[in-house]
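Note sheet for the following structure.
2 protein chains.
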Amino acid sequence: MLYSSEAVERAIHELSKLPGIGRKSAQRHVFYLLKRPPEEVQALTRALVDLTLKVKHCSICFNITEQDPCPICRDDNRDKRLICVVEEANDVMAVEKTGEYRGLYHVLGGALSPLDGIGPEDLTIKPLLARLTEDVEEVIIATNPNTEGEATAFYLAKLIKPLQIKISRIARGIPVGADIEYADEITLTRALEGRITL
Amino acid sequence: MLYSSEAVERAIHELSKLPGIGRKSAQRHVFYLLKRPPEEVQALTRALVDLTLKVKHCSICFNITEQDPCPICRDDNRDKRLICVVEEANDVMAVEKTGEYRGLYHVLGGALSPLDGIGPEDLTIKPLLARLTEDVEEVIIATNPNTEGEATAFYLAKLIKPLQIKISRIARGIPVGADIEYADEITLTRALEGRITL
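These protein sequence lines map, in sequence, to chains Y and L. Just so you know, the first sequence maps onto residues 1 to 198 in the numbering used here. Just so you know, the second sequence maps onto residues 1001 to 1198 in the numbering used here.
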């Protein structure tokens, strides 16, 4: 044991399991917490306990929520003809932040990745297909523009096509504010393919 | 509220208080935790609760410990003639990791910093002076080699000198493995001043 306290050692160990947090950062966090008033650490632990107790997945769209169905699925002002399919719950938040989308969502819980052993049955694809009744007019596939996300989009498109529902994919291109000079070839190719008449 | 769950929002808020963790990383951690089995989140929260309940400061050296006095102060094999003065408890761990030091420690709890309103009374300087009985032969000042650490070292040296105890300061110089070409002038000056006869 490197530290003279088992409690410190264990807190470092547990914190370093978080993504992108190594032993050094975990150590920094623990020593920071040790210098804070106990109420502040309690506020953090209570928030984390509540996370496991209160947060569940919406039984319709699989977004994270405290009530089932989630506020978005229950909202009568949302356009129920549109379903935006995303990989993770945080993608829902990213799209919501734009304030531009008024349809519903469907959270897959990941992307197809045979190398990681993630197949169609590991994602919420069956419940998605069950949602595609005649009320739905368009499915927007907003999986990530990487190998897994593209494969998932392709797979979903093949499944949905026979249902006579419009399928679209979010545009890939140069990010706003970026430099064409530094864009990679694939992104630039996609940007050219997806060009819009002005 | 950006997120559809108050619990998620609060967990993000609490986690983003940790040093070097912004909203984006906190968000990533929360979504990671939401995907983990509840036992794993419980292990983390239990570790953090234990941190506030079990860890205290040693009444002799002010290092963090679960028992008072701390294992280092109680260890009869440690050389009680040597006291290494450091700023924080993590500095004790850094020195311990070398495996080269067998004396005792004294944790100041920071460094003098008039700009941040940290004066001598905010550090454990009085208890340090009280420890400097005739058994102590040398005080090694291992505060950080920055403005605050140097000022603290200078201040301590002035206080300890009348007590007829040897005072030393850890060497400042080029770090092992570094390039002289890229060393800053002050470090290089210190390295020259502290040169050792071979």
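We put the CB at the ideal spot given by N, CA and C, even for glycine. Quick caveat, the model's predicted, so the values are computed rather than measured.
Any beta carbon of chain Y sitting closer than 8 Å to that of residue i?
{"i": "L:L1015", "result": "yes"}
{"i": "L:I1125", "result": "no"}
{"i": "L:L1033", "result": "yes"}
{"i": "L:L1051", "result": "yes"}
{"i": "L:E1066", "result": "yes"}
{"i": "L:A1094", "result": "no"}
{"i": "L:P1038", "result": "yes"}
{"i": "L:L1044", "result": "yes"}
{"i": "L:V1030", "result": "yes"}
{"i": "L:E1006", "result": "yes"}
{"i": "L:T1164", "result": "Residue identity differs from the one stated: residue 1164 of chain L is Gln in this sequence, not Thr. No, its Cβ sits nowhere closer than 8 Å to a Cβ of chain Y."}
{"i": "L:L1082", "result": "no"}
{"i": "L:M1001", "result": "Caution applies to L:M1001, whose pLDDT of 46 falls short of 50 and renders its modelled position unreliable; the value that the coordinates give is listed next. Closer than 8 Å: no."}
{"i": "L:L1048", "result": "yes"}
Which residue's Cα is closest to the Cα of residue i: the options?
{"i": "Y:E87", "options": "Y:V49, Y:T152, Y:G103, Y:P127", "result": "Y:T152"}
{"i": "Y:E14", "options": "L:P1071, L:L1034, L:L1044, L:L1188", "result": "L:L1044"}
{"i": "Y:R131", "options": "Y:S59, Y:L18, Y:Y32, Y:S16", "result": "Y:S59"}
{"i": "Y:I33", "options": "L:N1144, L:R1172, L:P1127, L:K1017", "result": "Note on identity: in this sequence residue 33 of chain Y is Leu, with Ile being the wrong assignment. With distances taken between Cα atoms, Y:L33 lies closest to L:K1017."}
{"i": "L:E1066", "options": "Y:H106, Y:A26, Y:E9, Y:P19", "result": "Y:E9"}
{"i": "Y:I170", "options": "Y:V136, Y:L128, Y:V95, Y:P114", "result": "Y:V95"}
{"i": "L:I1163", "options": "L:I1064, L:E1137, L:L1123, L:D1122", "result": "Looking at the sequence itself, residue 1163 of chain L is Leu, so the reference to Ile does not match. For the residues L:I1064, L:E1137, L:L1123, L:D1122, the minimum Cα distance to L:L1163 belongs to L:E1137."}
{"i": "Y:K80", "options": "Y:I64, Y:D135, Y:C70", "result": "Y:D135"}
{"i": "L:R1102", "options": "L:G1020, L:I1083, L:D1091", "result": "L:I1083"}
{"i": "Y:C61", "options": "Y:E40, Y:A89, Y:P37", "result": "Y:A89"}
{"i": "L:K1035", "options": "Y:P69, Y:G110, Y:A7", "result": "Y:G110"}
{"i": "Y:I140", "options": "Y:E148, Y:T147, Y:F154", "result": "Y:F154"}
{"i": "L:A1142", "options": "L:I1167, L:E1121, L:P1127", "result": "L:I1167"}
{"i": "Y:I160", "options": "Y:L129, Y:T124, Y:L192, Y:I180", "result": "Y:L129"}
{"i": "L:G1149", "options": "L:N1063, L:P1114, L:A1183", "result": "L:P1114"}
{"i": "L:L1190", "options": "L:I1174, L:M1093, L:V1049", "result": "Inspection of the sequence shows that residue 1190 of chain L is occupied by Arg rather than by Leu. For the residues L:I1174, L:M1093, L:V1049, the minimum Cα distance to L:R1190 belongs to L:I1174."}
{"i": "L:T1124", "options": "L:L1156, L:E1193, L:E1006, L:V1049", "result": "L:L1156"}
Since residue i and residue j should fall inside the 8 Å C-beta cutoff, what is the C-beta to C-beta distance between them, to a whole number of angstroms?
{"i": "Y:Q27", "j": "L:T1052", "result": "That pair is no contact at about 17 Å."}
{"i": "L:H1106", "j": "L:V1085", "result": "5 Å"}
{"i": "L:R1077", "j": "L:C1070", "result": "Rather than Arg, the amino acid found at residue 1077 of chain L in this sequence is Asn. With a Cβ gap of about 14 Å, L:N1077 and L:C1070 do not count as contacting."}
Go through its chain and collect everything with a Cβ distance to residue i's Cβ below 8 Å, but skip five positions before and after it.
{"i": "Y:K54", "result": "E66"}
{"i": "L:G1119", "result": "L1112"}
{"i": "L:A1178", "result": "none"}
{"i": "L:I1165", "result": "L1132, V1136, E1137, E1138, V1139"}
Per DSSP, which residues does residue i bridge with? Please list them.
{"i": "L:I1082", "result": "The sequence given here has Leu at residue 1082 of chain L, not Ile. In DSSP, L:L1082 forms a bridge with L:E1138."}
{"i": "L:R1190", "result": "Note: L:R1190 sits in no beta bridge, so no partner."}
{"i": "Y:K56", "result": "Y:T65"}
{"i": "L:Y1105", "result": "L:C1084"}
{"i": "L:K1166", "result": "L:E1138"}
{"i": "Y:I118", "result": "Y:S113"}
Between residue i and chain L, is there a C-beta pair that is closer than 8 Å?
{"i": "Y:G20", "result": "yes"}
{"i": "Y:K54", "result": "yes"}
{"i": "Y:T98", "result": "no"}
{"i": "Y:H106", "result": "no"}
{"i": "Y:N90", "result": "yes"}
{"i": "Y:V86", "result": "no"}
{"i": "Y:G194", "result": "no"}
{"i": "Y:I78", "result": "It is Arg, not Ile, that sits at residue 78 of chain Y in the sequence shown. No - not a single Cβ of chain L is within 8 Å of the one on Y:R78."}
{"i": "Y:V199", "result": "Shown here, chain Y extends from 1 to 198; a query on residue 199 of chain Y therefore has no answer."}
{"i": "Y:L112", "result": "no"}
{"i": "Y:S59", "result": "no"}
{"i": "Y:R190", "result": "no"}
{"i": "Y:R10", "result": "yes"}
Enumerate in chain order the residues of its own chain whose CB-to-CB distance from residue i is below 7 Å, with the five nearest sequence positions on each side excluded.
{"i": "L:I1012", "result": "R1023, A1026, Q1027, V1030"}
{"i": "Y:R74", "result": "none"}
{"i": "L:I1021", "result": "L1015"}
Given residue i, which residues of its chain have a CB within under 6 Å of its CB, disregarding the five upstream and five downstream residues?
{"i": "Y:T187", "result": "none"}
{"i": "Y:L108", "result": "E87, L123, T124"}
Can you tell me whether residue i sits near the ligand PLP, meaning its C-beta is under 7 Å from at least one heavy atom of the ligand?
{"i": "L:L1034", "result": "Summarising the ligand content, the structure contains no ligands, and the ligand PLP is consequently not present."}
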